[in-house]
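Protein chains in written order, with our numbering: chain A, 505 to 810; chain B, 159 to 694; chain C, 73 to 342.
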């Protein structure tokens, strides 16, 4: 187990390099120029060239790439072109806000999904099941961009229960977390229901019940175990959606997180800052997936890690 | 039997693992939330004596030597004074300067008021002004304003309260160079990330949380009458709907030009809010790419101008928050020329002009497509709506508009590289008519000028270059009158409209005085009545 | 055992999906209104006889746009999901069955792609591909397959150790047979749920992509860009967002039920 974890963490290095390379390629393929964005059209040609030189943007692209890579390997993310501040600081400053949002959304999603999934699977086709299904369908059909304002209008403007936007105490967290977590809750609930229903139809469940095990015990003992794998896989996958979804949520709820930083960095073609943000997003995603892989092993001892 | 088996079920190692994992995950999530989320009260929840302004993006920086974007200059103007400030007629009035002389065509002398102090209590002198300009013009400081100060040869401080500008040759628009905010001598030029230095304006910076809020407090050293408010909180709200909701809920007091026109009706109907519209100088236009032979034909440009029903767009899509424009300068500008060619909506005449130009539709039923133009615009909702209206209107005269929407940086890059046929753009806050030179003179081609359509007209060049060095205001007005007539006849741009400034205020805000160029200088005179609470 | 075609989920799902397909195919010719006709006198007109679902911010008939939008939104999303599922299943399945270094390499590649923020991908693709429906489909597939690949791989890895598969293998079943007889049916459940929800995600993603320069060209109506355009009027004209939102919901419900029903019908173990 320990060896496995160590190896998986080592593998992060090539993944990070892959992400960094892909980002580098993508951002340089996209039209736009950080220096022009910064200096505007009225800048003197000499100033533009000077700034380009200072930033190393006048070098051939391949050389820029290798310089960037060698800095990255030494753990240096460089400085933001627009503000001049170290990228690592900017990213670390914003990361907690995004983490907080994603964690809250994940909690909402897991709680709601498990409640709905279990309820729905107890009696497929019942009113409960249909209700849960209806929620799930609604959850994925309303995009964040619309769900956010809808919740704001209902719970903040009309009812006045919760703050409208911005980051602050726990109350500020509720609406963005619910907005972000709903779609994930819907998907996970459906997968859980599906797996539970399937598991219940299996022979061993029938055997278990015929042995005299109660419905609940049988469910807990056998069905849950078999339903766990797809649920964990989807949880891991959806964390990616959660992280990218947080970009939109941060924009709507005026949440000072990494997603907004990245959007601005992309908008001003602040290459090093874009790299930093993408790496932070990607590494957290990969780490979460490492966690889910470990969870497989915890939940289902038959899965061999290796 | 049952209880036992259930108990065994809970004890089974697999189940325990599962439960453990689930609980651990939840705990982890909750832990993250509690660790990062608690004990962090937002400062902008304060109301009372604070004016809360809804803005859409963070200012990039507040140091006037680096601030170029609109929101940075709007807020910067409240913190920093400059030698002169733009007045409401596109001219300039003294700010720090009490009087201005021009002994020779290349020398400008400013006499400073003797009672202006920075927010740290230090007296503002000519030394500070000279220092500000020197450091902005020094290549080492990488100031973003350096390019726009290129006409300036030297800034001197002959005595403690006199500043002189020496320009490279006569330069009529020199006062525009005197609008740079003044910082105390010795303030290091640390680039945009540097801590904003103290200024001598009515407010001083108290807090700057990027992407959250900018808090200004009243500057007790300010030379003018101290503000009745304790300060201003600029709340950064990127989403337009959320800005509107903030105002409705009474969490914001003021927003300008950043709520969609069609939401105004709803906002106007709310008791706590007041919507004020006043004439603005933001100029919307269509730009043609003159490297395209079809668009070099004046008949084609005229046909396009006549095919667009601008009044109908202003009345509906823009909810009457604009005036149909005849040129770049709004009627408020001192150099505005009313007697220019205008193009009223006439699709039949437009079709005839296109026929004359030899761009006929293939024979067949209905209005066939004569030719296709690539129209570039940004992806935001208002621009997309506008694009579709242009598309429909031009389709009526047989021009197919191939609309390409992009995010801003890509769009801007395409425009700069001349990669468009037609595009819609805006100029915000035009003051001196010298602006015509930067956009229509054939020496100002991109990437080092704003003549993005590659327009070139010898007559226009001659007029513009003459105006640059003409120091007499009446003579300048006459030249720019000719320039405006020529631009209206030759159509390097199709003028669309001048955007009104639309302000949504909580009724407790008193004393706001509008400027056509959208300046917020009157914030210093605002007083607040009550807390801004709104009954829902 | 015969497949059980007569189950309520299958019938309801089939009916919804057929109705949507019919609406997309025939609907546009059944309403008189032109989905592109801008009428600035009818801006945000409420629902009425002439315009059953009202008019949008440019005075265009919402019902006509909804029906026209169905064509593009449904065909693009179904195509993207189909391609993504196929590609993802093949790659994920191969990785799982091959195991070892090939699996490791494939999974890390998928990690890189999955972990990569879509917005940057879309921006660069917009620069390379330009606008248009084919380009849109390519862009969405390029991002879409990875999730399915991971899902399929994870499922196969866990199924491989199940009793019946182990038994089958012990009895000398060939890998292919194993795959068809045992693994694929068991995979269907989670795949179907994700797929039917994937349809919604694609419809919504299209709107965001057109903002970035990919996606359907203006003035083509799609459900995604209708949602986007209606957003500013949530308070004054909620019909603009409710209409496409409900349509997407119906599509998700239809595909979900259909998948559910198919799964039940084809399940050999019951």
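Don't be surprised by glycine CBs; every beta carbon is placed ideally from N, CA and C. Computed from a predicted structure; not experimentally measured.
Counting only beta-carbon separations shorter than 9 Å, does residue i have a partner in chain A?
{"i": "residue 187 (chain C)", "result": "yes"}
{"i": "residue 537 (chain B)", "result": "no"}
{"i": "residue 209 (chain C)", "result": "no"}
{"i": "residue 80 (chain C)", "result": "yes"}
{"i": "residue 176 (chain C)", "result": "yes"}
{"i": "residue 325 (chain C)", "result": "yes"}
{"i": "residue 87 (chain C)", "result": "no"}
Does any C-beta atom of chain B lie closer than 9 Å to the C-beta of residue i?
{"i": "residue 704 (chain A)", "result": "no"}
{"i": "residue 668 (chain A)", "result": "yes"}
{"i": "residue 688 (chain A)", "result": "no"}
{"i": "residue 513 (chain A)", "result": "no"}
Take residue i and list the residues in its own chain whose beta-carbon comes closer than 7 Å to its own, dropping the five residues that flank it on each side.
{"i": "residue 113 (chain C)", "result": "131"}
{"i": "residue 325 (chain C)", "result": "88"}
{"i": "residue 99 (chain C)", "result": "139 and 142"}
{"i": "residue 224 (chain B)", "result": "301, 302, 349 and 350"}
Taking the alpha carbon of residue i as the point to measure from, which residue in the options has its own alpha carbon closest?
{"i": "residue 267 (chain C)", "options": "C:118, C:123 and C:154", "result": "C:154"}
{"i": "residue 211 (chain B)", "options": "B:368, B:257, B:394 and B:268", "result": "B:394"}
{"i": "residue 694 (chain A)", "options": "A:625, A:605, A:765 and A:767", "result": "A:625"}
{"i": "residue 568 (chain B)", "options": "A:787, A:785, A:514 and A:772", "result": "A:772"}
{"i": "residue 643 (chain B)", "options": "B:584, B:494 and B:431", "result": "B:494"}
{"i": "residue 692 (chain A)", "options": "A:586, A:780 and A:615", "result": "A:615"}
{"i": "residue 381 (chain B)", "options": "B:303, B:237 and B:209", "result": "B:237"}
{"i": "residue 620 (chain B)", "options": "B:600, B:632, B:612 and B:609", "result": "B:600"}
{"i": "residue 295 (chain C)", "options": "C:334, C:142, C:242 and C:123", "result": "C:142"}
{"i": "residue 292 (chain C)", "options": "B:549, B:664 and B:680", "result": "B:549"}
{"i": "residue 760 (chain A)", "options": "A:648, A:631 and A:671", "result": "A:671"}
{"i": "residue 325 (chain B)", "options": "B:316, B:312 and B:517", "result": "B:312"}
{"i": "residue 240 (chain B)", "options": "B:275, B:263 and B:261", "result": "B:275"}
{"i": "residue 302 (chain B)", "options": "B:264, B:383, B:347 and B:282", "result": "B:347"}
{"i": "residue 378 (chain B)", "options": "B:349, B:279 and B:390", "result": "B:279"}
{"i": "residue 281 (chain B)", "options": "B:259, B:298, B:254 and B:293", "result": "B:254"}
{"i": "residue 699 (chain A)", "options": "A:666, A:736 and A:675", "result": "A:736"}
Taking the continuous beta strand (DSSP E) assigned at residue i, which residues delimit it?
{"i": "residue 205 (chain C)", "result": "Counting along the chain, residue 205 (chain C) falls outside any beta strand (DSSP E), though it belongs to the alpha helix (DSSP H) covering 205-232."}
{"i": "residue 375 (chain B)", "result": "371-376"}
{"i": "residue 262 (chain B)", "result": "255-262"}
{"i": "residue 325 (chain B)", "result": "320-325"}
{"i": "residue 583 (chain B)", "result": "580-585"}
{"i": "residue 575 (chain A)", "result": "Where residue 575 (chain A) is concerned, there is no enclosing beta strand (DSSP E), although the alpha helix (DSSP H) it sits in stretches over 565-577."}
{"i": "residue 265 (chain B)", "result": "265-270"}
Compare the C-beta of residue i with all C-beta atoms of chain C and state if any pair is closer than 9 Å.
{"i": "residue 558 (chain B)", "result": "no"}
{"i": "residue 239 (chain B)", "result": "no"}
{"i": "residue 543 (chain B)", "result": "yes"}
{"i": "residue 508 (chain A)", "result": "no"}
{"i": "residue 523 (chain A)", "result": "yes"}
For the alpha helix (DSSP H) containing residue i, list its first residue and its last residue.
{"i": "residue 192 (chain C)", "result": "190-201"}
{"i": "residue 557 (chain B)", "result": "Unbroken run through residue 557 (chain B) is the beta strand (DSSP E), 557-564; no alpha helix (DSSP H)."}
Among residues of its own chain, excluding the 5 on either side of residue i, which ones have a beta-carbon nearer than 6 Å to its beta-carbon?
{"i": "residue 264 (chain C)", "result": "331 and 335"}
{"i": "residue 320 (chain C)", "result": "272, 275 and 295"}
{"i": "residue 613 (chain B)", "result": "448, 598 and 650"}
{"i": "residue 149 (chain C)", "result": "271, 274 and 275"}
{"i": "residue 429 (chain B)", "result": "none"}
{"i": "residue 328 (chain C)", "result": "268"}
Apart from the five residues just before and just after residue i, which ones in its own chain have a Cβ nearer than 8 Å to its Cβ?
{"i": "residue 646 (chain B)", "result": "484, 485, 498, 499, 500 and 653"}
inquiry  = Taking contact to mean 3 or more Cβ pairs, one atom from each stretch, closer than 8 Å, check whether the stretch 552-569 of chain B and the stretch 505-525 of chain A are in contact.
reply    = Touching, no, given that fewer than three Cβ pairs across the two stretches are closer than 8 Å.
ask   = Are at least three pairs of beta-carbons, each pair with one atom in the stretch 549-557 of chain A and one in the stretch 208-227 of chain C, less than 8 Å apart?
value = The answer is no - the stretch 208-227 of chain C does not touch the stretch 549-557 of chain A, with fewer than three Cβ pairs under 8 Å.
query = Taking three-plus beta-carbon pairs below 8 Å as touching, is the stretch 618-627 of chain B in contact with the stretch 589-598 of chain B?
reply = In the pairwise beta carbon analysis, the stretch 618-627 of chain B is classified as touching the stretch 589-598 of chain B: at least three pairs are separated by under 8 Å.
ask   = Is the stretch 571-591 of chain B touching the stretch 555-572 of chain A in the sense that three or more CB pairs, one from each, lie closer than 8 Å?
value = Contact between the stretch 555-572 of chain A and the stretch 571-591 of chain B is absent: fewer than three C-beta pairs spanning the two stretches fall below 8 Å.
request  = May I ask you to list, following chain order, the residues of the stretch 629-643 of chain A that have a beta carbon less than 8 Å from some beta carbon of chain E?
outcome  = The structure shown contains no chain E; the protein chains it does contain are A, B and C.
ask   = Is the stretch 295-305 of chain C close to the stretch 645-661 of chain A, with three or more CB pairs under 8 Å?
value = Judged by Cβ distances under 8 Å, the stretch 295-305 of chain C makes contact with the stretch 645-661 of chain A, as three or more pairs qualify.
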